[in-house]
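2 protein chains.
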Amino acid sequence: MDLTPLLTASDAKIVVLLLDGLGGYADAHGGTELEDADTPNLDALAEEGSSGLAEIVGPGITPGSGPGHLALFGYDPLEFELGRGALSAAGLDVELRAGDVAARANLCTLDEAGNITDRRAGRIPSPEAAPLVDRIQEQVKLDGAELTIRHEREHRAMVMLRGRGLDPRISDTDPQQTGVPPLVPEPLHPSAMRAAGLFAELERQAREILAGERANGILLRGFDTHEEVPSFAHRYGLNAAAIAVYPMYRGISRLLGMDVLRRPEGLADQAALLREAWGDYDYFFVHHKATDAAGEDGDREAKIAAIEAVDRIVPEVMALNPDVVMVTGDHATPPQMSAHSWHPVPVLLWSERGGRDGVGRFGEGFARSGMLGRRRMSEMMPILLACAGRLKKYGA
Amino acid sequence: MDLTPLLTASDAKIVVLLLDGLGGYADAHGGTELEDADTPNLDALAEEGSSGLAEIVGPGITPGSGPGHLALFGYDPLEFELGRGALSAAGLDVELRAGDVAARANLCTLDEAGNITDRRAGRIPSPEAAPLVDRIQEQVKLDGAELTIRHEREHRAMVMLRGRGLDPRISDTDPQQTGVPPLVPEPLHPSAMRAAGLFAELERQAREILAGERANGILLRGFDTHEEVPSFAHRYGLNAAAIAVYPMYRGISRLLGMDVLRRPEGLADQAALLREAWGDYDYFFVHHKATDAAGEDGDREAKIAAIEAVDRIVPEVMALNPDVVMVTGDHATPPQMSAHSWHPVPVLLWSERGGRDGVGRFGEGFARSGMLGRRRMSEMMPILLACAGRLKKYGA
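So the protein sequences, as listed, match chains B and R. Residue numbers for the first sequence follow the working numbering, so the first one is 1 and each next one is one higher. Residue numbers for the second sequence follow the working numbering, so the first one is 397 and each next one is one higher.
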């Protein structure tokens with residue numbers, strides 16, 4: 001529902017501690033990583049607060065990072081969308097405007113016949129890849145469109161075209177297999193013919209520019225344009241700050257209009273940044289990536305350690321006297337699957353007015369009997385606002 | 397949500413063991429039938445899997461067999477509909493085409509004044525009823541419409557008219573009481589006038605044809621036409637087989653485009669059929685009727701026995717090494733009510749990736765603390781697909 005008619009002022013401060021990919025599942029070998037982690041500080045918050053389980057997009061649906069964060073911020077991910085291109089652009093501090101077309105670009109290796117031998121150019125190291133991307137930026141000439149190509153990491157780059165009459169409805173050029181040439185970008189709609197032609201020309205020139213290198217071609221996917229998403233400030237009246245290390249999460253926060261604070265070094269620095277900025281904002285999004293990375297690596301022990309690292313900064317956060325604290329994930333990343341998954345994510349809500357439910361530990365199995373119950377993640381945002389005294393009564 | 401953009405291939409096999417009318421409720425006299433049944437094999441699955449409770453249509457809503465099975469198969473029963481006529485036709489292997497109008501027909505007994513004395517003609521035995529229905533099929537002549545009438549069992553038959561300009565919006569002729577004459581079929585919409593007239597004429601001729609028999613009239617209800625329901629294969633990319641004894645469930649499965657295997661003799665034969673067909677399909681729907689029949693008869697002990705009979709074939713099912721198993725019901729049929737009811741139905745999900753929740757027994761009271769929580773039955777289908785590795789990530 002539209003909360004804007006109910007919004008009211010408050011000086012309560014909300015902190016969201018987001019452990020990326022926090023959720024997991026128990027199996028014959030043990031509990032979830034969170035259940036088995038040693039988290040005395042999070043358990044104390046659970047004891048004083050309430051718990052629940054959240055599904056992010058819907059039952060059985062595995063969310064990407066975009067939908068996962070939109071839901072966290074109270075945007076129904078079936079209603080709002082952030083494409084891969086938009087996410088990449090945002091993460092690289094490239095401003096994507098209405099009418100621009102962005103895509104993910106991978107450096108790849110082609111053989112003499114033009115067939116792909118490696119879709120990631122042997123995961124070419126960043127120091128080697130960055131100058132190749134710069135060369136494309138300098139040398140490609142396109143008729144009537146301005147090119148921006150930025151190196152991300154290893155074989156990954158983001159490409160954007162700005163010009164008149166561009167439409168992102170274009171098919172991927174990455175065939176998702178080796179032994180075949182890159183696909184020609186095809187317009188999926190008549191109005192995308194011009195953009196498809198420009199991207200085809202970009203790909204051709206890039207091949208010339210990179211000739212002789214081990215990364216001697218590019219693959220394009222996820223063509224995307226700027227989509228207007230209503231800002232966090234507009235929807236909730238919150239002055240929000242994002243404290244995140246990784247580009248994508250900084251980018252998502254920026255797309256929603258949050259202030260993105262200087263790039264922190266890690267958890268301790270994130271806590272320090274939170275303290276520094278405490279007087280300036282009323283909503284803080286603190287993003288921790290290591291849980292997801294460990295899950296993706298299939299490393300259960302590393303995921304447990306990443307959870308315990310967050311537990312150790314909890315006292316510093318609580319020393320700031322926040323009014324509302326939520327600790328949760330944007331999706332599950334079970335080490336058993338080495339990937340994102342659909343499993344529900346535990347949610348911990350701590351607030352003077354949030355209620356306490358007697359659930360004394362933070363974890364999936366404990367949370368299922370908590371007062372928050374099982375719900376869609378996007379439902380948590382109004383509860384945070386309510387706990388912060390930011391929502392008026394509905395109806396007389 | 398539309399799952400088709402997320403579908404991906406997998407060779408995982410899904411088995412759904414459906415105990416018709418499984419759900420029940422505890423009262424002063426004891427637990428539910430499932431709670432009180434001795435089910436060591438189902439309990440072992442619960443121990444290794446997760447449990448929950450499902451509402452079929454909505455809170456307080458008692459589902460018929462059509463909505464119950466649609467929900468089981470992931471079709472929101474408030475969005476999709478299978479009428480009684482369509483179900484009957486499908487169960488009798490009669491193809492109902494767009495424009496046809498079908499209805500349920502009951503043989504009844506009329507007195508000399510034309511008033512109903514028995515709405516089921518004394519539950520006339522099938523060997524006596526079938527020739528009467530055949531006689532109607534042979535002798536009725538309708539102007540511009542083709543009649544198909546098929547005997548089902550005892551007093552029950554299915555009638556279908558095929559012709560131009562037929563509309564099923566017609567009122568029932570069964571007054572649901574004795575001592576009054578059958579009602580005249582009334583058009584509920586102007587475009588149904590022709591069909592209503594044809595069914596009135598059919599009823600008149602049937603009375604002439606059956607004169608002197610103890611079943612000497614027919615009552616019509618549930619006028620219905622063919623509704624296009626998207627196929628199971630289209631929605632989920634599954635190659636599905638139905639293993640069911642009773643016509644209605646065979647019919648529903650056929651309406652959704654499943655392969656309906658030869659009619660089995662009973663549970664042991666259903667297990668044998670499952671084994672025979674194991675290599676040919678990736679989704680198996682195994683339907684067990686006895687639980688519902690016992691509930692309808694108000695026979696608690698028989699319902700417990702019917703549950704225990706399913707428990708005994710569980711080892712045979714598990715010996716096939718399925719990847720995903722769900723055990724549940726399509727609605728509750730509490731013996732205390734001798735009827736379908738609205739009570740939530742227990743759900744058991746067993747799968748390598750489904751998670752285990754420590755709920756060690758299968759039953760309503762145990763399931764309420766399970767990880768699946770309480771949800772709509774139609775939400776289980778995406779979870780089964782996810783566990784089978786058949787759904788890609790949503791969003792970047």
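C-beta atoms are modelled at their ideal positions from N, C-alpha and C, and glycine is treated no differently.
The closest CA to that of H585/R, considering only Q732/R, L594/R, S567/R, is found on S567/R. It is roughly 51 Å from the alpha-carbon of V317/B to the alpha-carbon of S737/R.
Comparing alpha-carbon positions, the option among V641/R, E661/R, R696/R, E508/R lying closest to F681/R turns out to be V641/R. In the three-state reduction of the DSSP assignment, D530/R falls in the helix class, which pools H, G and I.
Residues of the segment 706-720 of chain R that bring their beta carbon within less than 7 Å of a beta carbon in chain B are absent altogether. Taking all protein chains shown into account, K303/B has 16 or more neighbouring C-beta atoms within 10 Å of its C-beta and is therefore buried. The C-alpha of E661/R lies about 10 Å from the C-alpha of I639/R. The continuous alpha helix (DSSP H) containing M777/R extends over residues 776-783.
Among the CB atoms of chain R, none fall inside 8 Å of the CB of S50/B.
For the pair V57/B and M381/B, the Cα-to-Cα distance works out to about 15 Å. Scanning chain B for C-beta atoms nearer than 8 Å to the C-beta of G754/R yields A26, G365, reported in chain order.
From the listed residues H226/B, F232/B, W350/B, the smallest Cα separation to D100/B is found for H226/B. The residue from D174/B, L210/B, R162/B with its alpha-carbon nearest to that of R194/B is R162/B. With respect to chain R, the C-beta atom of H340/B has a partner C-beta closer than 8 Å.
With respect to the 8 Å criterion, L403/R and L787/R are classified as neighbours on the basis of their beta carbons.
Under the Cβ distance rule, V94/B does not count among the residues neighbouring chain R, no pair being separated by less than 8 Å.
Boundaries of the alpha helix (DSSP H) harbouring R235/B: 232-236, taken from the DSSP string. Comparing alpha-carbon positions, the option among G653/R, L438/R, G426/R, M397/R lying closest to L413/R turns out to be L438/R. In summary, D719/R is buried, with 16 or more beta-carbon neighbours lying within 10 Å of its beta-carbon over all protein chains present. Of the candidates Q270/B, D134/B, Q137/B, P168/B, the residue whose Cα lies closest to the Cα of L96/B is P168/B.
Counting other Cβ atoms within 10 Å of its Cβ, T333/B reaches 16 or more and is therefore classed as buried. Non-local C-beta neighbours of D299/B in its own chain, meaning closer than 7 Å and more than five positions away in sequence, comprise P335, ordered along the chain. At a cut-off of 8 Å between beta carbons, M337/B contacts chain R. CA-to-CA, the gap between R549/R and L615/R works out to about 15 Å. With respect to G24/B, L348/B sits apart: the two C-beta atoms are not nearer than 8 Å.
Against chain R, a Cβ distance below 8 Å from G30/B picks out nothing, because the smallest value is about 10 Å. The alpha-carbon separation between E55/B and K789/R amounts to approximately 14 Å. Listed as beta-bridge partners of I709/R by DSSP are no residues whatsoever. Shortest Cα-Cα distance from G165/B to any of V140/B, P181/B, R156/B, G197/B involves G197/B. DSSP places M326/B inside the beta strand (DSSP E), whose first and last residues are 324-328. Contact holds between the segment 761-774 of chain R and the segment 466-480 of chain R, because three or more Cβ pairs, one in each stretch, are under 8 Å apart. Contact annotation, V741/R with T724/R: C-beta distance approximately 6 Å; criterion of less than 8 Å satisfied. The shortest C-alpha to C-alpha distance from L53/B to any of R368/B, A386/B, A105/B, G395/B is the one to R368/B. Taking 8 Å as the threshold, the shortest C-beta distance from P63/B to chain R falls below it. For S737/R, no alpha helix (DSSP H) run applies, since DSSP gives it neither H nor E. Counting only the Cα atoms, H155/B lies some 6 Å from R120/B.
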